[in-house]
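Asks: As given, the protein sequences belong to chains P and E, one line each in that order.
Just so you know, we're using this note's numbering here: the first sequence kicks off at 56 and counts up by one.
Just so you know, we're using this note's numbering here: the second sequence kicks off at 217 and counts up by one.
For every residue, glycine included, the Cβ atom is placed at its ideal position computed from N, Cα and C.
Owing to the predicted nature of the structure, the values given are computational and were not obtained by experimental measurement.
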Amino acid sequence: GAVVSQHPSRVICKSGTSVKIECRSLDFQATTMFWYRQFPKQSLMLMATSNEGSKATYEQGVEKDKFLINHASLTLSTLTVTSAHPEDSSFYICSARDRMGGYTFGSGTRLTVV
Amino acid sequence: QKEVEQNSGPLSVPEGAIASLNCTYSDRGSQSFFWYRQYSGKSPELIMFIYSNGDKEDGRFTAQLNKASQYVSLLIRDSQPSDSATYLCAVKDTGRRALTFGSGTRLQVQP
């Protein structure tokens, strides 16, 4: 089945620093990837749609200058949380649509900003 | 705003029973419906998806879709303690490539 690899799985960073999260489709090409954020006991909220070779599309209320998305190839999308603050602490999950029509998720990244 | 609604639960069923999870959605034009299982601290895992009205079965799982009522459900037969998790309903709305998720229903299967 389709596999989406996400790294790192867990990261702790100091307030004010930046963190990069990688998402790779291992056995299929993903022209579009999706980035979600999930706070404790809440559902997944779409942050942005990453498009290969073009700018990402951000959801209302998501700061594009704070959450930088790069989708430089058909198998790799990255999310960089810039100048992270404690309120950015969350579970970040990427997703891609596979050949069978399903949406496959990465394993998620637990970000803690201290 | 297009919405996907689920009862947060917890839904508690005894081992071996049928668990019934329900979901309603607001976008009448939605065409694709997905059920995911999420264990605490983990990423969602796809259980199954359904496009057409009626039932779709996969092992112990059956998805049921009624587009007229804007309702989709998931039945889990012979529930096992390992099925205890949060079940997320997700819908692909018209004109949107990403999925919209419900808040999830927490299922507890009692041994």
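Against chain P, with Cβ distances strictly below 8 angstroms, would Gly318 (chain E) count as a contact?
Replies: Walking along the second sequence from the start, residue 318 (chain E) turns up at place 102. Answer yes: the Cβ-Cβ gap between Gly318 (chain E) and chain P drops below 8 angstroms somewhere.
Asks: Smallest Cα separation from Lys96 (chain P): which of P:Phe146, P:Ala85, P:Tyr113, P:Thr86?
Replies: Position 41 of the first sequence, counted from the start, is the residue given in the question as residue 96 (chain P). Ranking the options by Cα distance to Lys96 (chain P), first place goes to P:Phe146.
Asks: With a threshold of 8 angstroms between beta-carbons, can Leu99 (chain P) be considered close to chain E, or not?
Replies: Residue 99 (chain P) sits at position 44 when you count from the first residue of the first sequence. So yes, Leu99 (chain P) belongs to the interface.
Asks: Got a sec: is the Cβ-Cβ distance from Leu281 (chain E) to anything in chain P below 8 angstroms?
Replies: The sequence position of residue 281 (chain E) within the second sequence is 65, counting from 1. For Leu281 (chain E), the answer is no, since every Cβ of chain P falls outside 8 angstroms of its Cβ.
Asks: Within 8 angstroms (strictly less), CB to CB, does Leu323 (chain E) reach chain P?
Replies: For the purposes of this step, residue 323 (chain E) is identified with residue 107 of the second sequence, where counting begins at 1. With 8 angstroms as the cut-off, Leu323 (chain E) does not count as an interface residue toward chain P.
Asks: Relative to the alpha-carbon of Ser298 (chain E), which residue among E:Val325, E:Ile263, E:Trp251 has its alpha-carbon at the smallest distance?
Replies: Position 82 of the second sequence, counting from 1, holds the residue named residue 298 (chain E). Of the candidates E:Val325, E:Ile263, E:Trp251, the one whose C-alpha sits nearest the C-alpha of Ser298 (chain E) is E:Val325.
Asks: Taking Phe265 (chain E) as the query, report the chain B residues whose CB atoms sit under 8 angstroms from its CB, ordered along the chain.
Replies: The structure shown contains no chain B; its protein chains are P and E.
Asks: CB-CB under 7 angstroms to Thr316 (chain E), same chain, minus the five flanking residues each way: which ones, in chain order?
Replies: Position 100 of the second sequence, counted from the start, is the residue given in the question as residue 316 (chain E). The residues are Lys218, Val220, Ala306, Val307, Asp309.
Asks: Do you know whose CA, among E:Ala279, E:Glu261, E:Tyr303, E:Gly245, lies nearest Gly311 (chain E)'s CA?
Replies: By one-based count along the second sequence, residue 311 (chain E) stands at place 95. Comparing Cα-Cα distances from Gly311 (chain E) to each of E:Ala279, E:Glu261, E:Tyr303, E:Gly245, the minimum goes to E:Gly245.
Asks: Just checking, does the region 141 to 156 of chain P make contact with the region 93 to 109 of chain P on the three C-beta pairs under 8 angstroms criterion?
Replies: Segments in contact, yes.
Asks: Can the beta-carbon of Arg313 (chain E) be found closer than 8 angstroms to that of Thr159 (chain P)?
Replies: Residue mapping note: residue 313 (chain E) aligns to position 97 of the second sequence, counting from 1. Residue mapping note: residue 159 (chain P) aligns to position 104 of the first sequence, counting from 1. Taking 8 angstroms as the Cβ cut-off, Arg313 (chain E) and Thr159 (chain P) do not qualify as a contacting pair.
Asks: Hey, quick one: how far does the beta strand (DSSP E) through Gln322 (chain E) stretch, first residue to last?
Replies: Reading the second sequence from its first residue, position 106 is the one you call residue 322 (chain E). According to the sequence shown, residue 322 (chain E) is Arg rather than Gln. Element bounds for Arg322 (chain E): 321 to 326.
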